[in-house]
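So the structure is just underneath, and the comments pick up after that.
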Amino acid sequence: MKLGIIGAGGIAQAIAKQALRAGYEVVLSNSRGPDSLKAVVHSLGKGANAGTKQEAASQEVVFVSVPWPKLKDALKDLPSWNGRIVVDTNNPISAPDFKLANLGGRTSSEVVQELVPGANLVKAMNTLPPETLESDASQESGQRVLFISGEDVRSKQKVAGIFERMGFAPIDLGGLAGGGSLYQFPGGPLAAQNLMRLPLR
-11 MKLGIIGAGG IAQAIAKQAL RAGYEVVLSN SRGPDSLKAV VHSLGKGANA
39 GTKQEAASQE VVFVSVPWPK LKDALKDLPS WNGRIVVDTN NPISAPDFKL
89 ANLGGRTSSE VVQELVPGAN LVKAMNTLPP ETLESDASQE SGQRVLFISG
139 EDVRSKQKVA GIFERMGFAP IDLGGLAGGG SLYQFPGGPL AAQNLMRLPL
189 R
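For the record, in the sequence shown the residue sitting at position 127 is 115 according to my numbering, with numbers rising by one throughout.
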């Protein structure tokens, strides 16, 4: 299975590393085009491919990891989603000043859902820094927890299966509004928490 990734920054590359270790192929994309990603793809190794954002968006499961101010442009001019899964890894802040976006009382994923009409959106992978996210998710002490939320149960199950194959312990917190608010960064009580699920003895 090939996973699409729109974005090529730290989080996007961490996702790619975990996916490749789990046996998936990836298509990375950015705003500058495939040629600008040659060095990144080479460093990631076998199974990593550079593509246009349209090629990345054509995959069955598409991770979106783009700075919030650039998100709207990144999600323009893409193929119709037609029920494909979009994994929203974004937080509604501008770096480096960490200015919070005005969401009008909604969660960030509710805003993102409007930008990908027809997609089944799952919120995930937004609570940890890249260096933690790309490290071994399964250790003797347990499995690193990833929270997920979304409206479509089958899509969440699909994403949870991908995370389990990577070694993570996914926890479903429900819908985008209720569940997503619990780990939205900043402000969510579960944001920036590096939690492990302990093995049962």
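From the three backbone atoms N, C-alpha and C, an ideal C-beta is built for every residue, glycine too.
According to DSSP, residues forming a beta bridge with residue i
i, result
"M184", "R132"
"G138", "V110"
"K(-10)", "E13"
"S96", "Per DSSP, none; premise fails for S96."
Span of the beta strand (DSSP E), counted from its first residue to its last, around residue i
i, result
"S17", "E13 to S17"
"L109", "N108 to K111"
"A62", "Counting along the chain, A62 falls outside any beta strand (DSSP E), though it belongs to the alpha helix (DSSP H) covering L59 to A62."
"A44", "Segment K41 to A45 is the alpha helix (DSSP H) holding A44; no beta strand (DSSP E) there."
"V104", "Where V104 is concerned, there is no enclosing beta strand (DSSP E), given that its DSSP letter is neither H nor E."
Extent of the continuous alpha helix (DSSP H) to which residue i belongs
i, result
"P118", "P118 to L121"
"A(-4)", "Where A(-4) is concerned, there is no enclosing alpha helix (DSSP H), given that its DSSP letter is neither H nor E."
"V147", "V141 to M154"
"V28", "K26 to L32"
"S53", "No alpha helix (DSSP H) contains S53, which DSSP labels as neither H nor E."
Whether residue i touches residue j by CB criterion (9 Å)
i, j, result
"S97", "G138", "yes"
"L32", "I150", "no"
"L91", "V99", "yes"
"K34", "E122", "no"
"I159", "L134", "yes"
"V15", "A62", "no"
"V54", "G(-5)", "yes"
"K26", "A7", "no"
"S46", "G106", "no"
"V104", "L164", "no"
"E129", "F156", "For the record, residue 129 in the displayed sequence is Ser; it is not Glu. No."
"S82", "V110", "no"
"V49", "K146", "yes"
"T77", "I(-1)", "yes"
"N108", "R153", "no"
"L183", "R132", "yes"
Cβ-heavy atom distance, residue i to the ligand NAP, below 8 Å
i, result
"G71", "By its list of ligands, the structure shown contains no ligand whatsoever, and the ligand NAP lies outside what it can speak to."
Per-residue burial, residue i [other beta carbons within 10 Å of its own, 16 or more giving buried]
i, result
"T120", "exposed"
"S24", "exposed"
"R20", "exposed"
"A148", "buried"
"V29", "buried"
"G168", "buried"
Handout entry: Segment contact, 8 Å Cβ cut-off, at least three pairs: the region 111 to 125 with the region 165 to 178
Key = yes
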